Amino acid sequence: MIPLLGLVLGVLAGFIFDVSVPLELQPYLPIAIVAALDAVFGGVRAVMEGIFNDKVFVVSFIANVLIAAFIVFLGDQLGVGSQLSTAVIVVLGIRIFTNVATIRRHVFHA
Amino acid sequence: MPEPSEPRADTTSGGQSRRFTPAAPSGLRRLWRALSKRPDAGHIGVGLLVGLLGFAAVVQVRVDQDDALANARRDDLVQILDGLRRQSERLDDQVAELEADRRDLVSGANTEAEALAQAQERARTTGILAGTAPATGPGIIMTITDPDRRVSSVLMYRAILELRDAGAEAIQITGEGNDSAVRVVLDTYFLGPEDGAMIIGGEKVEPPYTIVAIGDPGVLSGAMSFTQGVVASIEDQNADATVTEYNELTIDVLHEPEEPQYAHPAPEDEDD
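Protein chains in written order, with numbering that gives the first Met the number 0: chain H, 0 to 109; chain Y, 0 to 271.
Structural data, given as structure tokens:
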């Protein structure tokens, strides 16, 4: 209940407040969003499997975001930022697909 | 939580088929129960994070809509910046060019205004010469009483010629007899007298005549009254001529110029 409320409130806040992303964060925000999305889908899957733990979710969410941003940052420092961010997106995308596939099986039993 | 110690499902990709057994309750029901169950204090952190995700996603989407550069990598940005700098240099050049053009135009407008003033000055001068503009200045008035109407057009023409010789710049002849007036210009002709009226420039003019001439008053009156001059010739015709000098005269009779029928302005030299 609270997570759904939080999601709605966050989206609303994003629409209401006109926040400009700081310049230093701009390359990392998309990656961080994808990482967080992965964590959220994983969380939903865990709920459906009955193994959800809010502590685990919070830690994995933050860790996912930080690691993804850090990898991209590292890539930027090494001069392979675009390649590494592509790699991160690919990996996260695969994970999201896997999680959504599991959720789908839970929902449709297929 | 049936298996709280198990690692999170999203961190392991294997073992789906093992875990996916038709266990009761089903995933959907579990999700629904999770959504509808009494709020748990531990879910506040989850809600905060998910809300943060929604917020960030919306912000990012809006930034992307605002600015396509937000997603660009550093190399792309450098390239874009380079292009922009080149474009800005081009635009700077253009600005300089346009400013030079503007300066030229402004100074050209000044020149034009000067030329206009000169042309107007010339038009005034020409107007006086052509009789299309009123003239004022020092000069003389010569009154010719001609009771016997014997003063001929030739004599009148001679008087005008003498006045022009003496530097008269504007001349007007008034016929007091029929209250007519003529501005004497280049193409003014003298005929008569017929029926006691002289034809001057197409106008019937009856004596006594008054000739108004603007020029150096001393020179003009001298040109009229020298021995065997105009005044003497007029007096030979039993008429009376008096010359009076004035410091300020006005000639306000205007000549109506006619469009030349045969003569056209010759084209000016291109390099003029």
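In this text, a Cβ means the ideal position worked out from N, Cα and C, and glycines have one as well.
Predicted, not measured: the structure shown is a model, and the values here were computed from it.
Under 7 Å from the C-beta of residue i: neighbouring residues of chain H
i: Gln78 of chain Y; result: The contacting residues do not exist; Gln78 of chain Y stays about 13 Å from chain H at best.
i: Leu83 of chain Y; result: Chain H residues near Leu83 of chain Y: none, gap ~16 Å exceeds 7 Å.
Inter-residue spacing [alpha-carbon to alpha-carbon] between residue i and residue j
i: Gly82 of chain Y; j: Gln93 of chain Y; result: 16 Å
i: Val184 of chain Y; j: Val252 of chain Y; result: 11 Å
i: Asp186 of chain Y; j: Lys203 of chain Y; result: 16 Å
i: Ile210 of chain Y; j: Arg182 of chain Y; result: 10 Å
i: Gln59 of chain Y; j: Glu111 of chain Y; result: 59 Å
i: Glu98 of chain Y; j: Thr135 of chain Y; result: 47 Å
i: Leu8 of chain H; j: Glu96 of chain Y; result: 55 Å
i: Val49 of chain Y; j: Phe72 of chain H; result: 23 Å
i: Gly49 of chain H; j: Pro2 of chain H; result: 16 Å
i: Leu91 of chain H; j: Pro21 of chain H; result: 24 Å
i: Thr241 of chain Y; j: Ala265 of chain Y; result: 44 Å
i: Ala167 of chain Y; j: Val153 of chain Y; result: 19 Å
i: Gly41 of chain Y; j: Leu30 of chain Y; result: 17 Å
i: Asn246 of chain Y; j: Gly228 of chain Y; result: 23 Å
i: Met115 of chain H; j: Ile15 of chain H; result: For chain H, the structure presents residues 0 to 109; residue 115 of chain H sits outside this window and is missing.
i: Ala12 of chain H; j: Leu6 of chain H; result: 10 Å
i: Gly53 of chain Y; j: Arg32 of chain Y; result: 23 Å
i: Gln117 of chain Y; j: Gln236 of chain Y; result: 47 Å
i: Ile93 of chain H; j: Leu65 of chain H; result: 19 Å
i: Val99 of chain H; j: Val18 of chain H; result: 31 Å
i: Leu219 of chain Y; j: Ala165 of chain Y; result: 6 Å
i: Asp215 of chain Y; j: Thr124 of chain Y; result: 17 Å
i: Gln119 of chain Y; j: Gly176 of chain Y; result: 37 Å
i: Val62 of chain Y; j: Asp103 of chain Y; result: 45 Å
i: Leu76 of chain Y; j: Val105 of chain Y; result: 42 Å
i: Glu257 of chain Y; j: Leu190 of chain Y; result: 20 Å
i: Ile43 of chain Y; j: Phe96 of chain H; result: 27 Å
i: Asn263 of chain Y; j: Thr243 of chain Y; result: For the record, residue 263 of chain Y in the displayed sequence is His; it is not Asn. Cα-Cα distance, rounded: 41 Å.
i: Val46 of chain H; j: Leu4 of chain H; result: 17 Å
i: His254 of chain Y; j: Ser179 of chain Y; result: 13 Å
i: Ile213 of chain Y; j: Asp100 of chain Y; result: 48 Å
i: Gly26 of chain Y; j: Lys36 of chain Y; result: 15 Å
i: Ala169 of chain Y; j: Gly107 of chain Y; result: 36 Å
i: Pro133 of chain Y; j: Leu248 of chain Y; result: 11 Å
i: Tyr208 of chain Y; j: Gly174 of chain Y; result: 5 Å
i: Arg85 of chain Y; j: Leu36 of chain H; result: 40 Å
Chain-ordered chain Y contacts of residue i [CB-CB under 8 Å]
i: Ile1 of chain H; result: Pro38, Asp39, His42, Ile43, Val45 and Gly46
Per-residue burial, residue i [other beta carbons within 10 Å of its own, 16 or more giving buried]
i: Arg121 of chain Y; result: exposed
i: Arg89 of chain Y; result: exposed
i: His108 of chain H; result: exposed
i: Glu161 of chain Y; result: buried
i: Ile159 of chain Y; result: buried
i: Ile79 of chain Y; result: exposed
i: Arg44 of chain H; result: buried
i: Tyr27 of chain H; result: buried
i: Met223 of chain Y; result: buried
i: Val106 of chain H; result: exposed
i: Pro29 of chain H; result: buried
i: Ser87 of chain Y; result: exposed
i: Phe225 of chain Y; result: exposed
i: Asn109 of chain Y; result: exposed
i: Tyr261 of chain Y; result: exposed
i: Asp194 of chain Y; result: exposed
i: Gly42 of chain H; result: buried
i: Arg103 of chain H; result: exposed
i: Phe40 of chain H; result: buried
i: Pro206 of chain Y; result: buried
Under 8 Å by beta carbon: chain H residues contacting residue i
i: Val105 of chain Y; result: Those within 8 Å of Val105 of chain Y in chain H number zero; the least Cβ separation is about 43 Å.
i: Ser87 of chain Y; result: Those do not exist, as Ser87 of chain Y stays about 20 Å from chain H at its closest Cβ, beyond 8 Å.
Contacts of residue i in chain Y (Cβ-Cβ under 9 Å)
i: Ile32 of chain H; result: Leu52, Ala55, Ala56 and Gln59
i: Leu65 of chain H; result: Residues of chain Y passing the Cβ test: none, with the nearest at roughly 12 Å.
i: Leu36 of chain H; result: Leu52 and Ala56
i: Leu8 of chain H; result: Gly46, Gly50, Gly53 and Phe54
Whole-number beta carbon distance between residue j and residue i, since they are thought to touch under 8 Å
i: Pro192 of chain Y; j: Arg148 of chain Y; result: 5 Å
i: Ile143 of chain Y; j: Ala238 of chain Y; result: 6 Å
i: Ala67 of chain H; j: Ala38 of chain H; result: Not a contact, Cβ separation roughly 10 Å.
i: Asn117 of chain H; j: Ala86 of chain H; result: Any question about residue 117 of chain H goes unanswered here, given that chain H covers just 0 to 109.
i: Asp53 of chain H; j: Val45 of chain Y; result: 5 Å
i: Met197 of chain Y; j: Met141 of chain Y; result: At roughly 15 Å, the Cβ-Cβ gap does not stay under 8 Å, so Met197 of chain Y and Met141 of chain Y are not in contact.
i: Val10 of chain H; j: Val57 of chain Y; result: 5 Å
Contacts that residue i makes with chain Y (C-beta to C-beta distance below 7 Å)
i: Pro21 of chain H; result: By Cβ distance, chain Y contributes nothing, its closest Cβ being about 11 Å from Pro21 of chain H, past 7 Å.
i: Val87 of chain H; result: Those within 7 Å of Val87 of chain H in chain Y number zero; the least Cβ separation is about 14 Å.
i: Phe60 of chain H; result: Leu48
i: Ala12 of chain H; result: Phe54
i: Phe56 of chain H; result: Val45
i: Leu4 of chain H; result: Gly46
i: Val39 of chain H; result: Val49 and Leu52
Closer than 9 Å at the beta carbon, the chain B residues around residue i
i: Leu30 of chain Y; result: Within the model displayed, chain B is absent; protein chains H and Y are what it includes.
Legend entry - Touching by the beta-carbon criterion (3+ pairs, under 8 Å), the region 120–135 of chain Y and the region 223–232 of chain Y: Cβ pair count under 8 Å is below three, so no.
Inset, instruction - Inspect the CB distances between the region 76–85 of chain H and the region 53–62 of chain H and report whether three or more fall short of 8 Å. - result: A contact is defined here as three or more CB-CB pairs under 8 Å, and the region 76–85 of chain H fails this definition with respect to the region 53–62 of chain H.
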